[in-house]
Structure formats: C-alpha cells, structure tokens
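What follows is a short report on a single structure.
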Amino acid sequence: MNIGYKVGELIYDANIYDGLNTFLFDLQFYKKWLPKNKEAEILELCCGTGRLTIPIAKDGYSICGVDYTPSMLEQAKMKAIEAELVIDFIEADIRMLDLQEKFDLIFIPFNSIHHLYRNEDLFNALGCVRNHLKVGGLFLLDCFNPNIQYIVESEKVQAVIAEYTTDDGRDVLIKQTMRYESTTQINRIEWHYFINGEFHSIQNLDMRMFFPQELDSYLERAGFDIIHKFGSFEEEAFNDNSEKQIYVLTLNDNKVLYEKIQNQR
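Residue numbering for the sequence shown follows our numbering, beginning at 1424 and increasing consecutively.
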C-alpha cells in the first residue's frame, strides 16, 4: 500500500490465498460479538475472498465487505453467488473509505492492520472506521503480538510454512524467510513459492509490527475506548505469552452508552 513496502502479487492470487487460508478458528469470536438484531448493519474491512463475510451473511446478517484487491473480491463475489447470498463487495482503500453510511459493527480481521506501514496510514484507516461507526457500535480488531525472539531466530532459517493443492489443481509449497527492521518496525517476510514442483518466485509480505502499549495508545488517540483486550480468540486475558492482540472497541465517551445498549438487548 506504500512505496518501499511490498506484498507480492502471487500472495493475492485468490486460489492460492484460499488454499492457504482454509481455517475458521476466528469465526466464532466474530460471530459472538455480532448484534443480536439481525437487521444490524455490519462492515468487514480487508474482507479478502469472503472467508468470514460469507458465513456471517449465511446467518442472516446484512454485511458489506471492503477490500483493496480486485482478484480477491471477484472470488468473494463468486462464493456469494454460489451460496445464493446478496452481499455488497466494494473495492476501496480503507485509508480513504467514504461509504456515506454508518454501521453497528465494523471489524478488521486476520492481522490486516499489519499492512498499514506508517502511522499516517494507520490513523487514516482508524479515522475512516470512526466515521463509519454508529454511536454505541462496536469495532473489532485482531493482530499479532510481536515476538522478537521468534522473528530473530527465523532470520537464520528457511522454513516450510505450507504445502497444499489449490482448487484449480496447482501443487503449492511455500518456504519463508524474514528480516526485521527495528527502525521502521517492519518485518520483511519473503515467501519462496514452488508450484508443481518447480521454483516459481519470491513474493514479499512486509508487515508492520505493533507493540502492545503502542497500539493501545494509537487506538485511544484515534478516538476509541478499549472495552476488552484479549490474547486469543477464546477470550483469554492478554499477557506476555499471548500470540494475538484482539480488541473490542467503541467510540470514545460511548462506553457507558454501549453498556446500556447491551443491557437492553
């Protein structure tokens, strides 16, 4: 999303992406926090190929999915058609989003904020979330809890991270290397792709690391109150050993209103 930082095109190949990301271990967490009112308006930012969008729509919710990558959205639209669902998928940059509509719940899943490399990018995206969130609404967010020891140790090896066959018949093997830049907090990840037994290419997957107190401060500064911060999708308390940072947020000064609305549901 920025000059100097990269996400390789093959990583956004929809069939390769779907073959790698078949899990749904985060789905029940996001479903738990959906409003009980099925007429509520839901917005998923960085929806990809609809991995979470489709199941939520199947539960009867009106959900809009936004993503920056056309190939991902085409795959998501095909899935919606196959499931006989009507879902509004929109191609847009979440840093400049203006849908002229407000939502009861907005979420950014699957570590997507790690592709907001500069503070300016993050605050622009969070500002767009704020502008689209209804009073008393919820904003959910999940990302990594940086493990510097793991990153440093991973710089020394090329590890196999995935091996699978795509829906269109390609055998894919992915090996990973990484290099952390402390000045920018960017983890420069390289995925070495082997397709049908032959080396194909090296694809970049740069990710900005957000440290816990840093991200707490950024979210509060952007106009949000932290209702909960979990360390896992099972809602374990966040601690030193947590692999994830998972937030349940509302607009500043709306925590009391949010609690009142929840008690009325």
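Beta carbons are placed, not taken as given, at the ideal position from N, Cα and C, and that holds for glycine.
Since residue 1546 contacts residue 1660 with CB under 8 angstroms, what's their CB separation in whole angstroms?
-> Walking along the sequence shown from the start, residue 1546 turns up at place 123. Walking along the sequence shown from the start, residue 1660 turns up at place 237. Actually they do not touch by this definition, with Cβ atoms about 28 angstroms apart.
Grab me the residues of residue 1435's own chain with a C-beta within less than 8 angstroms of its C-beta, minus the 5 sequence neighbours each way, in chain order.
-> As a first step, residue 1435 must be located in the sequence shown, where it is residue number 12. The answer, listed in chain order, is 1492, 1494, 1495.
Consult DSSP for residue 1668 and reduce its assignment to one of helix, strand or coil.
-> Numbered from its first residue, the sequence shown carries residue 1668 at position 245. Looking at residue 1668 - three-state DSSP - the assignment turns out to be strand.
Close beta carbons around residue 1517, own chain, < 7 angstroms, minus the five adjacent residues each side | Taking the sequence shown and counting its residues from 1, the one referred to as residue 1517 is at position 94. Closer than 7 angstroms at the Cβ level, and outside the excluded window around residue 1517, lie 1468, 1469, 1489, 1548, 1551.
Is it true that the CB of residue 1465 sits closer than 8 angstroms to the CB of residue 1484?
-> As a first step, residue 1484 is located in the sequence shown; it is residue number 61 there, counting from the start. As a first step, residue 1465 is located in the sequence shown; it is residue number 42 there, counting from the start. Yes, Cβ-Cβ distance for residue 1484 and residue 1465 is below 8 angstroms.
When DSSP labels each residue in this structure, what does residue 1476 get in the three-state scheme?
-> The sequence position of residue 1476 within the sequence shown is 53, counting from 1. Three-state DSSP puts residue 1476 in a helix.
Just confirm the distance between the C-beta atoms of residue 1414 and residue 1555, as a whole number of angstroms; I'd bet it's less than 8 angstroms.
-> Only positions 1424 to 1688 of the chain appear in the structure, and residue 1414 is not among them; the question remains open.
Indicate whether residue 1537 and residue 1601 have their beta-carbon atoms separated by less than 8 angstroms.
-> For the purposes of this step, residue 1537 is taken as residue 114 along the sequence shown, with counting starting at 1. For the purposes of this step, residue 1601 is taken as residue 178 along the sequence shown, with counting starting at 1. Against a cut-off of 8 angstroms, the Cβ pair of residue 1601 and residue 1537 comes out as no contact.
Pick out the complete alpha helix (DSSP H) segments inside the segment 1571-1597, 4 residues or longer, and give them in chain order.
-> 1571-1577
For residue 1459, the residue or residues it bridges with in DSSP | On the sequence shown, residue 1459 is found 36 positions in, with the first residue counted as 1. DSSP, once it has assigned bridges, lists no residue as partnering residue 1459.
Anyone know if the C-beta pair for residue 1673 and residue 1653 falls short of 8 angstroms?
-> Start at 1 with the first residue of the sequence shown, and residue 1673 comes out as number 250. Start at 1 with the first residue of the sequence shown, and residue 1653 comes out as number 230. Their beta carbons are not under 8 angstroms apart, which means residue 1673 does not touch residue 1653 by this criterion.
Along the beta strand (DSSP E) that carries residue 1624, what are the first and last residues, could you check?
-> Sequence index remark: in the sequence shown, residue 1624 carries index 201 (1-based). Its beta strand (DSSP E) spans residues 1621-1631.
Spatial distance of residue 1520 from residue 1638 (CA atoms) = For the purposes of this step, residue 1520 is taken as residue 97 along the sequence shown, with counting starting at 1. For the purposes of this step, residue 1638 is taken as residue 215 along the sequence shown, with counting starting at 1. Using only the alpha carbons, I get a separation of about 21 angstroms.
Straight-line Cα distance separating residue 1447 from residue 1475 | Locating residue 1475 in the sequence shown gives position 52, where the first residue counts as 1. Locating residue 1447 in the sequence shown gives position 24, where the first residue counts as 1. Going by the C-alpha atoms only, they are around 8 angstroms apart.
Run through the segment 1470-1555 for me and flag every whole beta strand (DSSP E) of 3 or more residues, listed as ranges in chain order.
-> 1485-1490, 1511-1514, 1526-1531
Is residue 1565 helix, strand or coil when you go by DSSP?
-> As a first step, residue 1565 must be located in the sequence shown, where it is residue number 142. Here residue 1565 sits in strand by DSSP.
Rounded separation between residue 1667 and residue 1442 - CA only = Translated into positions along the sequence shown, residue 1667 becomes position 244. Translated into positions along the sequence shown, residue 1442 becomes position 19. Cα-Cα distance, rounded: 23 angstroms.
Per DSSP, residue 1648 is paired with what?
-> As a working note, residue 1648 is residue 225 in the sequence shown. DSSP output for residue 1648 lists 1673 as bridge partner(s).
For residue 1613, which of helix, strand or coil comes out of DSSP?
-> Here residue 1613 is taken as the residue at index 190 of the sequence shown, counted from 1. Reduced to three states, the DSSP call for residue 1613 is strand.
May I ask you to report which of helix, strand or coil DSSP gives residue 1442?
-> Taking the sequence shown and counting its residues from 1, the one referred to as residue 1442 is at position 19. In the structure shown, residue 1442 sits in a helix (DSSP, three-state: H, G or I).
Minimum Cβ-Cβ distance from residue 1498 to chain D less than 8 angstroms | In the structure shown, chain D does not exist; there is a single protein chain.
Measuring CB to CB, does residue 1456 end up less than 8 angstroms from residue 1563?
-> Numbered from 1 along the sequence shown, position 33 holds the residue referred to as residue 1456. Numbered from 1 along the sequence shown, position 140 holds the residue referred to as residue 1563. The answer is yes: Cβ separation under 8 angstroms.
Can you round the beta-carbon distance between residue 1480 and residue 1508 to whole angstroms, since I take them to be within the 8 angstroms contact cut?
-> Indexing the sequence shown from 1 puts residue 1480 at position 57. Indexing the sequence shown from 1 puts residue 1508 at position 85. So it is a contact: roughly 5 angstroms between Cβ atoms.
Excluding the 5 residues preceding and the 5 following residue 1477 in the sequence, name in chain order all residues of the same chain whose CB lies nearer than 8 angstroms to its CB.
-> For this step, residue 1477 is matched to residue 54 along the sequence shown. Cβ neighbours of residue 1477 beyond the five flanking positions: 1499, 1502, 1503, 1506, 1508, 1510.
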